[in-house]
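Numbering (my numbering), first residue to last: 90 to 869.
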Amino acid sequence: MSRVKIPIEWCGREIRSRTSDGWRPIGRIVCVVPDGSAIWWIGYPESRPPTKSGRSKSKGKAKALVESKAVKFYIKAPLRKAAADFRNDISSGCLSVIEAGFPPYWSLTDDELKANVRPDRLVRTYSRAKPSKWLEQRVALDALIQDIVADYDIFALTEGGLEREQAEKQARLKKVPADKIRQLLRRHMLGLGHRNALLPHLDVCGELGAEKYCATKPGRSNLAAKNEEGAKRIKLRGYNLKPIDRQWLREGYKTYKKPDVSMEEAFHLTMEKYYPAKVEYVNSRKPKIVLKRASERPTQTQFETHGPISRADQPSRINLGQTHFDGHQRPIRHAGFERANVFGLRAFIDSSSEDQTLVSAASLLQTLPSSNRTLVVEDSTEYILGFYSGHESSSSLTGLLALLNCVEDHVAFCSEIGVSIEQDDWISFMPKKVKGDNGDIKQDDSIMTLEASEISNAYAKIFSPLSKDKVEKKHRYLQRKVDHRNDGSTRGRRRKRGERRREEDACRTHRQNLIHIVKAILQHNNHEPVPHLLTMEMRQDGVLPTRKAIVLWKIEKGYLASSPANLDLLRAHCLPRLSAVVHGDGIHLRDPRSTTGELIPGLVYSADWLYETDILVRARKKVIPIDLALSPGRLGCAYVQLNGMKELSLKTHDPQLKELSLVDWLTICSIDKYSAYITARLRDEVEAERVVSNEKTNQQARRAKQEEQGKLPTRPSKKTISGNKRAALKSELDAKRNRALGLDAVPPDPEPSIDDLVDLGDDSSSQNKRYQELRDSWLQ
C-alpha cells in the first residue's frame, strides 16, 4: 500500500471548510514537507477576544490581576497536518482545496505606491486612501523582520521550529514585543513571502461596496451634541441606521424613485410607508399618517446615500432614462469576434424612417406620406444583402419583403430602375439566421415563413440599439449619403420655428430616390475601403480591402453558410396578399382601402399561360375571387398561387406605370376621384347648358318646319316626306361642294317645277290625266 502524499503544487492553495451556509475559506497552505507526508497551514486573520483574568508571573513584585485586550486581525500559529488526515478530511467533504490569489492592492509596485495609485481608481472616483502611507508602514514593519526572513525560509520557520526562537531574539534586539514579531512573521508566511504582505490589512476590511455598520452614527461630530447628555444628546447626534433601515431605504428607493419623481418626493413616500407612528382619520374618512420623530427615522441624506444599490440606481442614471443610456453610454460588447468568420451565418434586420419628403409621380405638387426603409445587413462583413423602401409602416410585411429582396435577382431589379450592374456587384444570398426587432419579424406569419425557409430567428433587446448596431449604422450611412442631400429632407429632426416647410422644397419622386439608394448601397458594398475586415489569410492572398472582394474570396474558399434557394417558397410567404377578381380580360386588383370591393382602375394583370386555361372563359360568365401576391413597391409584376407561384404582368401601354409603387398609384387614383368630384358641378352646369341649347335648337327647327308646312295648301303625306331621298341627297351634296368651292354666293338654279320633271312629249288624254295626277301628288 503506497503512502499518501501531498503534491508540492498545493503550496499556496486555499483551504475551505464546509458550513451550513456553504464553503468558508479558513486559511492557506504555506509549506509542504518535501516528502509530501505533511503540510503546514496558517489560518486567515481574525479578531482575538480578550483573555480571562489571571495572576501576573512577574517575580519580586506583588501579584496583580491582568487582562489582555482584544486584538484585531490576529493570526494564529501555523498548524501541521498529516497528509493522510488531510486527504481523509477532503474525501469526507469537510475540507476542500482551491487555487487562490492575493488581494488586488498587493500588485502595486513601490513606484505606484509612492504616486498614491489605488487599485480601485477606475471604480471609485474618490477615496481617502493614501498608498504612500501604506508604503511607509510596510517599510517600517519590514525592517523588524528583515534579518529573520533573509536567513530562514518558511520551511525552517515551521518544520524547523525556529519561529518562536527567532521572534524572541529579534524582539530583544529591536526592543519590541515578541508577539508583534511573531505576527509579522506569520503575515509574511501567509503571503508566501510577498513583500506587500506587510501592507495594512485592507483585504479583511470588506470589498468595494461592502456594507459597514457602526455602533454610533458616522460622520463629523455634532458640536451641539457634545455639550449635552442623555436623550437630548442622542437626539442631536442623529439616527444611526440598522440593517433593517437600509433594507427599507433600498426598497423605498426602488419603488418610488422614477425619472419624473424627485429625491425629496421619493423620500417622503418612503417615510410614509415604513416609518409611520400612527394613522389618524379626519371625519372617519380621510386617513392622516403621522411620522415618527426626526431622531427615530433616517434623514433625506441617508436616503440618498443608502437607497441606490449600485451605480445603475443612481438618480442621474434614472433621470437620464434607460433608452438614452443604452444608446449613448452603455458599454459596447464586441460579441461578434466570438463567432466564426463565415459569410451569411447571421444577419441583422431593422426598419427606419427615411429623412425625406417625396412627391407624387403624377403631380409634383402633391406630397406623399413619409416612407420607411428596411435593411438586411450581414454580420461578418456588414454587407447589405437586401432592402425594401416603401410607404408602408414598419412591420413584419416590410421585413419579409426585405428578406425576399436578398435572394431576388439584383441585376434585373436594378435594370428596372435604370441602374446597370454585373452579377457580382450585388450578390443574392439569404442568411441562415436573422436577428431583428419584435416589429420586424416577430409575428406568426413571419416565424412560419422563416421556419419553412430553414432560417432561424433571434430578437434584439427592447430599446437597445447596440444589440444590432451594425444595421443601425447603415441606416445612418444611407440617411447621410442619400436622404439628407435631397431637397425637402427632414434631416432627421422636427422643423424648427420659422424654418421653411419641407413640403415646399420637396420635388423628388420615390423612383428617383430609389435610384440613389441603390447607388449608395453599391458604393458601400463594392468600393468603400474596409481594411479592418481583412484577416491574415486574406492579406496573404492579396484580397482588396473592399466588401465585394472579401465576400467573393469567402465564397471561393468555402467560408459560406448554406443558403435556402427556393425562391418560389419565399415569394409565397413574403409577398403580401391583396384581394383581386378574375374577369374575362384578366385579373383586376381590388382597392385595399375600400370596404365595398372597388377595383383599382388601370391595374389589370394577365399572362400568356393564363389565356391557355379556361379561367378567363369561366370569368366571362361569373367573376372569380382570387388572392394576388404583389410587391407594394413594384406594380409591374404580380404572382398568383396556381400549382406553384405563377408570374403575371401588368397590362398597360404606359411603361412608367410599371415602375410606380402601389401607394403612388392609389394616390393618383385618389387625386383623379377628387378632381372629378371638384369638377362635377362645372360638368353639370355645362351639361345642363348643352341640353337646354339643344332643346332650343329643336324648338326653332320645329317652328321653321311648321312655318314651311303652313305655306303649302295641303299637308304632305308620309310617303311624300320619306320618298325621293336620293334626289334630295344629291342636291345637298351639290350645295356642300359649291360652298367648298366658294360658289355659295352664286344664285342657285331655279327650283325645277313639276312641268320640268315630267316629259310632255305626248298630249293625249291619258297622258294629260297622268300629268294631272302627278302634279296633284307633288302639291300635296
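For each residue, glycine too, the CB sits at the ideal point set by N, CA and C.
Q: In angstroms with no decimal places, state the Cα-to-Cα distance between residue 300 and residue 360.
A: Their backbone Cα atoms lie some 22 angstroms apart in a straight line.
**Q.** Option in 186, 619, 510 and 445 with minimal Cα separation from residue 591
**A.** Per the Cα distances, 445.
Q. Secondary structure at residue 531, three-state DSSP: helix, strand or coil?
A. Coil, per DSSP.
Q) CA-CA distance, residue 821 and residue 829? A) The straight-line gap separating the alpha-carbon atoms of residue 821 and residue 829 is approximately 12 angstroms.
Q) Does the ligand SAM have a heavy atom nearer than 8 angstroms to the CB of residue 448? A) Among the components modelled here there is no ligand, and therefore nothing to report on the ligand SAM.
Q | Where residue 101 falls: helix, strand or coil (DSSP) | A | Correct three-state label for residue 101: coil.
Q | Cβ shell of residue 832 (< 7 angstroms), same chain only, five flanking positions each side left out | A | Shown here for residue 832: not one same chain residue has a beta carbon closer than 7 angstroms to its own, the five before and five after excluded.
(Q) Taking only three categories from DSSP, how would you classify residue 147? (A) Any reading at residue 147 must be qualified, since the residue scores a pLDDT of 46, below 50, and its modelled position is unreliable; the value itself is stated next. Coil at residue 147, not helix or strand.
Q: Pull up the distance between the alpha-carbon of residue 175 and that of residue 113, whole angstroms please.
A: In this structure, the CA atom of residue 175 is about 17 angstroms from the CA atom of residue 113.
**Q.** Proximity winner among 733, 410, 627 and 385, relative to residue 330 (alpha-carbon distances)
**A.** Each of 733, 410, 627 and 385 was checked against the Cα of residue 330, and the nearest Cα belongs to 385.
Q | Stretch pair the segment 767-774 + the segment 450-465: three plus CB contacts closer than 8 angstroms | A | Not touching, per the Cβ criterion.
Q. Can you give, in chain order, each stretch of the alpha helix (DSSP H) that sits fully within the segment 203-263 and has at least 4 residues?
A. Segments of the alpha helix (DSSP H) lying fully in the segment 203-263: 220-240, 243-247 and 252-263.
Q.
List, from N- to C-terminal side, the alpha helix (DSSP H) runs of 4 residues or more that fit wholly inside the segment 290-354.
A. Within the segment 290-354, the complete alpha helix (DSSP H) runs of at least 4 residues are 312-315, 319-326 and 332-345.
Q) Taking just the CA atoms, how far does residue 178 sit from residue 109? A) Going by the C-alpha atoms only, they are around 17 angstroms apart.
Q. Can you pull the DSSP bridge partners for residue 476?
A. 464, per the DSSP bridge assignment.
Q: State buried or exposed for residue 626, treating a residue as buried only when at least 16 other CB atoms are found within 10 Å of its CB.
A: An exposed status is given to residue 626, since fewer than 16 other beta-carbon atoms sit within 10 Å of its beta-carbon.
Q.
Here's the rule: buried if 16 or more other CB atoms are within 10 angstroms of the residue's CB, otherwise exposed. What is residue 536?
A. Answer is exposed; the Cβ neighbour count stays below 16.
Q) Would you call the CB atoms of residue 760 and residue 452 closer than 9 angstroms? A) Their beta carbons are under 9 angstroms apart, which means residue 760 touches residue 452 by this criterion.
**Q.** Closest Cα partner of residue 408 within the set 581, 349 and 638
**A.** Selected option, being the one with the closest Cα: 349.
Q.
Alpha carbons only, please: which of 118, 707, 633 and 273 is nearest the one belonging to residue 229?
A. Out of 118, 707, 633 and 273, 273 has the C-alpha closest to the C-alpha of residue 229.
Q.
The alpha helix (DSSP H) that contains residue 799, what's its start and end?
A. First-last of the alpha helix (DSSP H) with residue 799: 769-800.
(Q) Here's a check: name, in chain order, each residue in its chain whose Cβ is nearer than 7 angstroms to the Cβ of residue 173, leaving out the five neighbours to either side. (A) Excluding positions up to five away in sequence, the list reads 93.
Q. Three-state secondary structure (DSSP) at residue 734?
A. It is a strand residue.
Q.
Counting C-beta neighbours from all protein chains within 10 Å, is the total for residue 487 16 or more, i.e. buried, or is it exposed?
A. By the 10 Å Cβ count, residue 487 comes out buried.
**Q.** Buried versus exposed, by CB contacts within 10 Å (16 or more), residue 265
**A.** So residue 265 counts as exposed.
Q | Euclidean distance between Cα positions of residue 733 and residue 727 | A | About 13 angstroms.
**Q.** Residue of 861, 103, 111 and 134 minimising C-alpha distance to residue 128
**A.** The residue from 861, 103, 111 and 134 with its alpha-carbon nearest to that of residue 128 is 103.
Q) Which of the three DSSP states, helix, strand or coil, is assigned to residue 488? A) Secondary structure of residue 488 (DSSP, three-state): helix.
Q) How should residue 776 be labelled, buried or exposed, when 16 other C-beta atoms within 10 angstroms of its C-beta is the threshold for buried? A) Residue 776 comes out exposed.
Q. Are the beta-carbon atoms belonging to residue 497 and residue 475 less than 9 angstroms from one another?
A. Cβ atoms of residue 497 and residue 475: closer than 9 angstroms.
Q.
Quick test of the definition: if touching needs 3 or more C-beta pairs under 8 angstroms, does the segment 729-744 touch the segment 429-436?
A. Between the segment 729-744 and the segment 429-436 there are fewer than three inter-stretch CB-CB distances shorter than 8 angstroms, so the stretches are not counted as touching.
Q: Less than 8 angstroms between the CB atoms is what I'm expecting for residue 544 and residue 559, so what's the real figure, rounded?
A: Contact doesn't hold; Cβ gap of about 18 angstroms is too wide.
Q: Please classify residue 648: is it buried, with 16 or more other beta-carbons within 10 angstroms of its beta-carbon, or exposed?
A: Residue 648 counts as buried, since at least 16 other C-beta atoms from the protein chains shown sit within 10 angstroms of its C-beta.
Q) Under the three-state reduction of DSSP, which class applies to residue 442: helix, strand or coil? A) In the structure shown, residue 442 sits in a strand (DSSP, three-state: E or B).
Q | Separation of residue 632 from residue 618, as counted between CA atoms | A | Whole-angstrom Cα-Cα distance: 12 angstroms.
**Q.** Whole-angstrom distance between residue 164 and residue 136, CA atom to CA atom
**A.** Between the C-alpha atoms of residue 136 and residue 164 there is a straight-line separation of about 9 angstroms.
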